[in-house]
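Asks: Questions regarding the structure given below will be posed in turn.
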Amino acid sequence: MSRSQLVAEHLPLLRRYARALTGNQASGDAYVGAMLEALLQDPSLLDERHGPRAGLFQLFTKIWNSVSLNEDPDVTALPLPSERRLSNITPLPRQAFLLLSLEGFSEEEVAFILGADVGETRRLADDAGREMAAEIATDVLIIEDETFIAMDLESLVRNLGHHVIGVARTHSDAVALARNQKPGLILADIQLADGSSGLDAVNELLRTFEVPVVFITAYPERFLTGERPEPAFLISKPFQPAMVSAVASQALFFQRNSRNRTPRVA
Numbered sequence: 001m002s003r004s005q006l007v008a009e010h011l012p013l014l015r016r017y018a019r020a021l022t023g024n025q026a027s028g029d030a031y032v033g034a035m036l037e038a039l040l041q042d043p044s045l046l047d048e049r050h051g052p053r054a055g056l057f058q059l060f061t062k063i064w065n066s067v068s069l070n071e072d073p074d075v076t077a078l079p080l081p082s083e084r085r086l087s088n089i090t091p092l093p094r095q096a097f098l099l100l101s102l103e104g105f106s107e108e109e110v111a112f113i114l115g116a117d118v119g120e121t122r123r124l125a126d127d128a129g130r131e132m133a134a135e136i137a138t139d140v141l142i143i144e145d146e147t148f149i150a151m152d153l154e155s156l157v158r159n160l161g162h163h164v165i166g167v168a169r170t171h172s173d174a175v176a177l178a179r180n181q182k183p184g185l186i187l188a189d190i191q192l193a194d195g196s197s198g199l200d201a202v203n204e205l206l207r208t209f210e211v212p213v214v215f216i217t218a219y220p221e222r223f224l225t226g227e228r229p230e231p232a233f234l235i236s237k238p239f240q241p242a243m244v245s246a247v248a249s250q251a252l253f254f255q256r257n258s259r260n261r262t263p264r265v266a
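The following block contains the structure:
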């Protein structure tokens, strides 16, 4: 397999990770683009000792830690509100936690990606877990038509300290539930069994109020093409509980920081 084919194979999940860190499609993709430009200029930057995927994530991390796209005048068109400046809201522990829980890397691979040892990686992940456990509990709407998956999500959400306001199995059910009890977080399947769309339901709700959303799908690559507005927080089916915990906490973290920061005076 050629170098370009290797990169193409792992690029969708790298873009998912970048978006989870930034909370924004354009910002995450900008950092991935910067990494690809660096790799094109110097292919030797890709260290494949732990495989090409870990090598790409390691190179991305180096770019992430050394390039501040938020301050670069060449990317002023990116929609980056001041409250989401990466240096302020994405500490190293969150990177370790997401690499372990969202991307499924081993501790050894995460240590390689972050330039740390295994002991430091564990400490970083533990720090992130304690921080996320301190997040304010919220009301959660689940949009999922598969009964057993919905039950698993309900149990997981409650174990995280949140309250489930209801489970919607169709577009119309989701809109009705959310309008009666505005949720603080939505977990939404994208394709529902009756042919309706969780994505359409969420887009309709977001026209009336702001809420963080985590989408769940068996086909994440279909929504990571860069060809249209796409979910910032995306979980693949089948999912692990730790993955849902990590991504939901990250989504709530961005929402909390956005609300808590003092608006800048023009």
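Just so we're aligned, residue 1 is where the sequence shown starts under the UniProt record's numbering, counting upward by one.
C-beta: ideal position from N, C-alpha, C; glycine also.
Because the structure is a prediction, the values reported are computed rather than measured.
Considering only C-alpha positions, which residue in the set 54, 140, 144, 151 is nearest to residue 106?
Replies: For the purposes of this step, residue 106 is taken as residue 106 along the sequence shown, with counting starting at 1. The shortest C-alpha separation from residue 106 is found at 54.
Asks: Let me know the beta strand (DSSP E) ranges lying completely inside the UniProt domain "Response regulatory" (139-252), each 3 residues or longer, listed in chain order.
Replies: Listed in chain order, the complete beta strand (DSSP E) runs (minimum 3 residues) inside the UniProt domain "Response regulatory" (139-252) are 139-143, 163-168, 185-189, 213-217, 234-236.
Asks: Select from 19, 56, 29, 157 the residue whose C-alpha is nearest the C-alpha of residue 5.
Replies: The residue labelled residue 5 in the question sits at position 5 within the sequence shown. Here the closest residue by C-alpha is 56.
Asks: Quick one: is residue 172 buried, meaning 16 or more other Cβ sit within 10 Å of its Cβ, or exposed?
Replies: Taking the sequence shown and counting its residues from 1, the one referred to as residue 172 is at position 172. Exposed is the call here.
Asks: Taking residue 15 as part of the alpha helix (DSSP H), name the residues at either end of that continuous run.
Replies: Counting from 1 along the sequence shown, the entry for residue 15 is found at position 15. It spans 3-22 - the alpha helix (DSSP H) in which residue 15 sits, taken as one unbroken run.
Asks: Could you check the C-alpha separation between residue 217 and residue 247 for me, to the nearest Å?
Replies: To locate residue 217, count along the sequence shown from 1; it is residue 217. To locate residue 247, count along the sequence shown from 1; it is residue 247. When rounded, the distance between both Cα atoms is 14 angstroms.
Asks: Quick check on the burial criterion: 16 or more other C-beta atoms within 10 angstroms. Buried or exposed for residue 84?
Replies: Start at 1 with the first residue of the sequence shown, and residue 84 comes out as number 84. Bear in mind that a pLDDT of 36 at residue 84, under 50, signals an unreliable position, so the number given afterwards is only what the model happens to contain. Buried: at least 16 other Cβ atoms inside 10 Å.
Asks: Give the C-beta separation of residue 45 and residue 39 to the nearest angstrom, bearing in mind that I take them to be a contact with Cβ-Cβ under 8 angstroms.
Replies: Your numbering for residue 45 matches position 45 in the sequence shown. Your numbering for residue 39 matches position 39 in the sequence shown. Right, their Cβ atoms sit about 6 angstroms apart.
Asks: Report yes if the C-beta distance between residue 177 and residue 166 is below 8 angstroms; otherwise report no.
Replies: To locate residue 177, count along the sequence shown from 1; it is residue 177. To locate residue 166, count along the sequence shown from 1; it is residue 166. Yes, these two residues count as a Cβ contact at 8 angstroms.
Asks: Please report the straight-line C-alpha distance between residue 241 and residue 43, rounded to a whole angstrom.
Replies: As a working note, residue 241 is residue 241 in the sequence shown. As a working note, residue 43 is residue 43 in the sequence shown. Going by the C-alpha atoms only, they are around 36 angstroms apart.
Asks: Evaluate residue 189 with the Cβ neighbour count: other Cβ atoms within 10 Å of its Cβ, from every protein chain shown; 16 or more gives buried, anything less gives exposed.
Replies: As a first step, residue 189 is located in the sequence shown; it is residue number 189 there, counting from the start. By the 10 Å Cβ count, residue 189 comes out buried.
Asks: State yes or no: is the beta carbon of residue 139 nearer than 8 angstroms to at least one beta carbon in chain B?
Replies: Annotation note: the requested chain B is absent from the structure, which comprises a single protein chain.
Asks: Counting pairs of Cβ atoms below 8 angstroms between the segment 178-186 and the segment 135-155, do you hit three or more?
Replies: These segments touch.
Asks: Is the CB-CB distance between residue 204 and residue 175 below 8 angstroms?
Replies: In the sequence shown, counting from the first residue as 1, residue 204 sits at position 204. In the sequence shown, counting from the first residue as 1, residue 175 sits at position 175. For residue 204 and residue 175, yes; Cβs fall inside 8 angstroms.
Asks: Less than 7 angstroms separating the Cβ of residue 3 from some heavy atom of the ligand NAP?
Replies: Among the components modelled here there is no ligand, and therefore nothing to report on the ligand NAP.
Asks: Is residue 94 helix, strand or coil by DSSP?
Replies: The count along the sequence shown starts at 1 and reaches residue 94 at position 94. Reduced to three states, the DSSP call for residue 94 is helix.
Asks: Measure the C-alpha to C-alpha separation of residue 2 and residue 66 and round it to an integer number of angstroms.
Replies: For the purposes of this step, residue 2 is taken as the residue at position 2 of the sequence shown. For the purposes of this step, residue 66 is taken as the residue at position 66 of the sequence shown. If you take the alpha carbons of residue 2 and residue 66, they lie about 28 angstroms apart.
Asks: Quick one: residues in its chain with C-beta nearer than 7 angstroms to the C-beta of residue 108, no 5 flanking neighbours on either side, listed in chain order?
Replies: Within the sequence shown, numbered from 1, the residue matching residue 108 stands at position 108. Answer for residue 108: 118, listed in chain order.
Asks: Can you name the start and end residues of the alpha helix (DSSP H) that residue 29 belongs to?
Replies: What you label residue 29 is simply residue 29 of the sequence shown in a count that begins at 1. 25-41 is the span of the alpha helix (DSSP H), which, as asked, contains residue 29.
Asks: To the nearest angstrom, how far is the alpha carbon of residue 206 from that of residue 49?
Replies: As a working note, residue 206 is residue 206 in the sequence shown. As a working note, residue 49 is residue 49 in the sequence shown. If I take the Cα positions, the gap works out to 44 angstroms.
Asks: On the criterion of 16 or more Cβ atoms from any shown chain inside 10 Å, does residue 112 qualify as buried, or is it exposed?
Replies: What you label residue 112 is simply residue 112 of the sequence shown in a count that begins at 1. Classification of residue 112: buried, given that the 10 Å Cβ count is 16 or more.
Asks: Can the beta-carbon of residue 97 be found closer than 8 angstroms to that of residue 125?
Replies: For the purposes of this step, residue 97 is taken as the residue at position 97 of the sequence shown. For the purposes of this step, residue 125 is taken as the residue at position 125 of the sequence shown. Contact flag set, yes.
Asks: Got a sec? Which residues, its chain only, sit under 6 angstroms from residue 157 by beta carbon, not counting five neighbours each side?
Replies: The sequence position of residue 157 within the sequence shown is 157, counting from 1. Correct list, in chain order: 140, 164.
Asks: Can you round the beta-carbon distance between residue 143 and residue 198 to whole angstroms, since I take them to be within the 8 angstroms contact cut?
Replies: For the purposes of this step, residue 143 is taken as the residue at position 143 of the sequence shown. For the purposes of this step, residue 198 is taken as the residue at position 198 of the sequence shown. 5 angstroms between Cβ atoms; contact.
Asks: What residue does the alpha helix (DSSP H) around residue 109 start on, and which one ends it?
Replies: Your numbering for residue 109 matches position 109 in the sequence shown. First-last of the alpha helix (DSSP H) with residue 109: 107-114.
Asks: So, for residue 101: in the same chain, excluding its five sequence neighbours on each side, which residues have a beta-carbon less than 6 angstroms away from its beta-carbon?
Replies: For the purposes of this step, residue 101 is taken as residue 101 along the sequence shown, with counting starting at 1. These residues qualify, in order along the chain: 242, 243, 246.
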